[in-house]
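Participant: Just passing along the structure, written as structure tokens.
Okay, here's the thing in structure tokens:
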């Protein structure tokens, strides 16, 4: 029996690398895995995953997809982790944000295959599609994004559900966990908090901005479980899931958890209101999510926040 083909789009990013790692750890390697990168071939990734094919793709123009068709063929699954995900960068350049975050070239390419609906598209969205005026948003609540990043990601959700028949859209919260094989340039939330508190300086954290941070390995498990479900049931999916951890925490509570686990002085944490600082972009206040549907649909219970923080440092201590 031929192996199923999986393409990870945006594999050089934080989640993308963890997804590649997740595939590499499956026993008996039931999948042929390929991945895309944008600017330059990531040598540490090529070394870490020598069995995976790497393709340079420009998501804005679609340049590079043709060579995937030629060398790899039609994927059975595409996991789209590519995004311009820094809200301030999106605010400064809405056109670029839209051209990368709405996967037009990707979906157009998938549509070029005659058996087009045989590909499951797993697409990463964000909790920032919610307005942020209440706690524990459900998937069916109205999406009212307050910034360009959230708007571009919500436009992507609508585009996929209109243009593609077989998809799972994952609205993820802040993803945290250990550093990747090829370290990513942007600072990781838990490591950043640990770094600033370890210097002994007082640091401001918001007490009135709430999220449900999700441990990165849980997101990988969710993706792998969806793929198993698609292959075992063979039924088209049209699924929208909130992907968050089980805890609604403020930035202050996140910092307090890190301080407690790492033995830092918690008096260094200075609670301030999010409204007191201009970040150059609107940020929703409370986009905590109800994850009942995720738990019931996939029978997965995401890791509590404190346990995820402990795991993050335990994994990094070993590597």
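Numbering (the UniProt record's numbering), first residue to last: 1 to 319. From the three backbone atoms N, C-alpha and C, an ideal C-beta is built for every residue, glycine too.
The beta strand (DSSP E) spanning residue 167 covers which residue range?
Facilitator: On the chain shown, residue 167 is found 167 positions in, with the first residue counted as 1. Element bounds for residue 167: 167-172.
Participant: How far does the beta strand (DSSP E) with residue 37 in it reach, from first residue to last?
Facilitator: Taking the chain shown and counting its residues from 1, one reaches residue 37 at position 37. Unbroken beta strand (DSSP E) run through residue 37: 31-37.
Participant: Using beta-carbon positions only, say whether residue 21 and residue 126 come within less than 9 Å of one another.
Facilitator: For the purposes of this step, residue 21 is taken as the residue at position 21 of the chain shown. For the purposes of this step, residue 126 is taken as the residue at position 126 of the chain shown. Not closer than 9 Å, so no.
Participant: Could you tell me if the beta carbon of residue 177 falls within a distance shorter than 8 Å of some heavy atom in the ligand FMN?
Facilitator: As for the ligand FMN, it is missing from this structure, which has no ligand bound.
Participant: Decide if residue 257 is buried, meaning its Cβ has at least 16 other Cβ atoms within 10 Å, or exposed.
Facilitator: Counting from one through the chain shown, the residue named residue 257 turns up at place 257. It is buried - the Cβ of residue 257 has at least 16 other Cβ atoms within 10 Å.
Participant: Pull up the distance between the alpha-carbon of residue 282 and that of residue 233, whole angstroms please.
Facilitator: Here residue 282 refers to the residue found at position 282 when the chain shown is read from its first residue. Here residue 233 refers to the residue found at position 233 when the chain shown is read from its first residue. Cα to Cα, residue 282 sits roughly 42 Å from residue 233.
Participant: Do three or more CB pairs link the stretch 240-252 to the stretch 101-119 at distances below 8 Å?
Facilitator: As far as the Cβ criterion goes, the stretch 240-252 does not touch the stretch 101-119, which means the pair count is below three.
Participant: Which residues in the same chain as residue 269 place their Cβ atom closer than 7 Å to its Cβ, once the five residues preceding and following it in sequence are excluded?
Facilitator: One-based indexing of the chain shown puts residue 269 at position 269. Hits under 7 Å: 203, 205, 252, 255, 256, 259.
Participant: Excluding the five sequence neighbours on either side, which residues of its own chain have a C-beta within less than 8 Å of the C-beta of residue 30, listed in chain order?
Facilitator: Residue mapping note: residue 30 aligns to position 30 of the chain shown, counting from 1. Cβ neighbours of residue 30 beyond the five flanking positions: 3, 4.
Participant: I'd like to confirm the pairing. Which residues does DSSP put opposite residue 122 in its beta bridges?
Facilitator: Along the chain shown, one-based indexing puts residue 122 at 122. Paired residues: 79, 168.
Participant: Pick out whichever of 296, 151, 157, 307 has its Cα sitting closest to the Cα of residue 91.
Facilitator: What you label residue 91 is simply residue 91 of the chain shown in a count that begins at 1. Checking every option, the nearest Cα to that of residue 91 belongs to 151.
Participant: How big is the Cα-Cα spacing for residue 15 and residue 265?
Facilitator: Taking the first residue of the chain shown as 1, we reach residue 15 at position 15. Taking the first residue of the chain shown as 1, we reach residue 265 at position 265. Using only the alpha carbons, I get a separation of about 31 Å.
Participant: Using a threshold of 9 Å, state whether the C-beta atoms of residue 105 and residue 73 are closer than that.
Facilitator: One-based indexing of the chain shown puts residue 105 at position 105. One-based indexing of the chain shown puts residue 73 at position 73. Going by C-beta atoms, residue 105 is not nearer than 9 Å to residue 73.
Participant: Just to confirm, is the Cβ distance from residue 242 to residue 139 under 9 Å?
Facilitator: Locating residue 242 in the chain shown gives position 242, where the first residue counts as 1. Locating residue 139 in the chain shown gives position 139, where the first residue counts as 1. In this structure, residue 139 lies closer than 9 Å to residue 242 by Cβ.
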